[in-house]
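**Q**
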Amino acid sequence: MEFTVQQIAEVLGGTVEGDATRRVTSLAKIDEARAGSLAFLSNLKYEHFLYTTQASAVIVGPDLAPRQPVAAALIRVADPYSGFTKLLEFYAQATRMGKRGVEEPAYLAATATVGPGHYRGAFSYIGENCRLGPNVLVFPHAYIGDRVTIGEGSVIHAGAKIYPDTVIGRFCVVKAGAVVGTDGFGFAPQPDGSYRPIPQIGHVVLEDYVSIGANTTVDCATMGTTRVGEGSKIDNLVQVGHNVEIGKHTVIAAQTGISGSTKIGDYCLLGGQVGVVGHITLANKTTLAAQTGVHKSVKGEGRILQGRPALDLKQSQRVLVVFRNLPEILHRVERLEKAANAPEKP
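Numbering follows full-length UniProt numbering, with no gaps: position 181 of the sequence shown is 181.
1. DSSP beta-bridge partners for Val58?
2. Below 7 Å between beta carbons: does that hold for Gly133 and Gly151?
3. For Gln317, does the three-state DSSP call read helix, strand or coil?
4. In whole angstroms, what separates the C-alpha of Val204 from that of Asp165?
5. Rounding to the nearest angstrom, what Cα-Cα distance links Thr52 and Arg120 in this structure?
6. Could you check what DSSP says for Pro67 in three-state terms: helix, strand or coil?
7. Compare the Cα-Cα distances from Cys172 to each of Ile8, Leu336, Thr286, Asn135 and report the closest residue.
8. Between Ala72 and Ala55, which are expected to be in contact by the criterion C-beta below 8 Å, what is the C-beta distance as a whole number of angstroms?
9. How far does the beta strand (DSSP E) with His203 in it extend, from its first residue to its last?
10. Would you mind sorting Gly105 into buried or exposed? The rule is 16 or more other CB atoms within 10 Å of its CB.
11. Who are the Cβ neighbours of Gly117 in its own chain at under 7 Å, not counting the five residues just before and after it?
12. Can you look up Glu230 in the DSSP assignment and give me helix, strand or coil?
13. Assuming Gly231 contacts His249 (C-beta within less than 8 Å), just tell me the rounded distance between them.
14. Would the segment 208 to 223 count as touching the segment 170 to 184 if we require 3 or more Cβ pairs under 8 Å?
15. Checking the sheet assignment: what are the DSSP bridge partners for Gln239?
16. Measuring alpha carbon to alpha carbon, tell me which residue in Phe123, Lys161, Ser82, Gly115 is nearest Tyr107.
17. Let me know if Tyr163 comes out buried or exposed under the rule of 16 or more other beta-carbons within 10 Å of its beta-carbon.
18. Shortest alpha-carbon distance to Asp266 belongs to which of Thr256, Ala158, Gln291, Arg303?
As structure tokens, this is what we get:
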């Protein structure tokens, strides 16, 4: 693909400073760009790269005032990061998501229906009574079990597994190796000390614009629904237990584990390696720092918690200060004890 700087500026609603006729054929980081590349600069901490980059054009914000000559053409927009993201989306759609048609062998059950503009990669499997909307992409080796519904424009990447009765909304992404709808972790203890599996007969619902990361698992409900709310984004290697309910526009980073029947509110942020016990509730706009361990419900919107057990951020920071000073504190206590227990001089 090839575009002029002027064409890109028009797409982004920006203005050009420099040669608007230059042609752009690729996108790149500002410090790695070459002739023909388009880069962006949103953080002025990296302004020095602007004066050495080989990019043909750079997207910048309205406040940038170059202090040295700039060889690249500049495209000024209100938000460089958002503008570049828009171009990345367009590029990905054109280069990676532009697939259509059917590669053989690919299995489609006789009772399944697929909308126009779809793609089915080699060795993909679509089971009985599935309903796939228009422009759904199913990449090679993906498995879609019986009675699954997938909305318009959603993408199921290579090797992903969608278990029966799952409902996936519009414009969702399920990345490679993810498993959606597998049995939840439910076993009933028996008198002899063994465990008997509890049948998991519920399902999973991913609402519109949800993203599920690579090798993430979202377990089906024991009964009812495990739900991921509209616009929520889940990173790679996350475990979502049975009957969990995740609200709208919540973001969950890698290696987080959420135990069964927990309810997470809207607009929450969970850092990497967070652990959340089962059967609790996190209020809307809760933020959990990386490696936080949550063992009870979080009440009140907008709280920021950190540590194990989870404490409000300022309290956790005070605890950490004391913890770092424990060796010195212990040494002082030992000295005081020694002095207190010393025999009195005659």
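C-beta: ideal position from N, C-alpha, C; glycine also.
**A** So, from the listed chains and residues:
1. In the DSSP assignment, Val58 forms a beta bridge with Ala39, Leu74.
2. One thing to note: Gly133 has its Cβ within 7 Å of the Cβ of Gly151.
3. Gln317 falls in the helix class under three-state DSSP.
4. Between Val204 and Asp165, the C-alpha separation is close to 7 Å.
5. Between Thr52 and Arg120, the C-alpha separation is close to 45 Å.
6. In the sequence under discussion, the amino acid at residue 67 is Arg, which differs from the Pro named in the question. Note: Arg67 maps to coil in three-state DSSP.
7. Per the Cα distances, Asn135.
8. Ala55 and Ala72 do touch by the CB rule: their CB atoms are close to 5 Å apart, below 8 Å.
9. Segment 203 to 206, the beta strand (DSSP E) holding His203.
10. Residue identity differs from the one stated: residue 105 is Pro in this sequence, not Gly. Exposed: under 16 other Cβ atoms inside 10 Å.
11. Excluding sequence neighbours, Gly117 sits near Arg100, Pro134, Asn135.
12. Looking at Glu230 - three-state DSSP - the assignment turns out to be coil, as it is neither helix nor strand.
13. At roughly 4 Å, the Cβ-Cβ gap stays under 8 Å, so Gly231 and His249 are in contact.
14. Under the 8 Å Cβ criterion, the segment 208 to 223 counts as touching the segment 170 to 184, having at least three qualifying pairs.
15. BP columns for Gln239 point to Thr217, Gly257.
16. The shortest CA-to-CA distance from Tyr107 to any of Phe123, Lys161, Ser82, Gly115 is the one to Phe123.
17. Residue environment analysis places Tyr163 among the buried positions, since at least 16 neighbouring C-beta atoms fall within 10 angstroms of its C-beta.
18. It is Arg303 whose Cα lies nearest to the Cα of Asp266.
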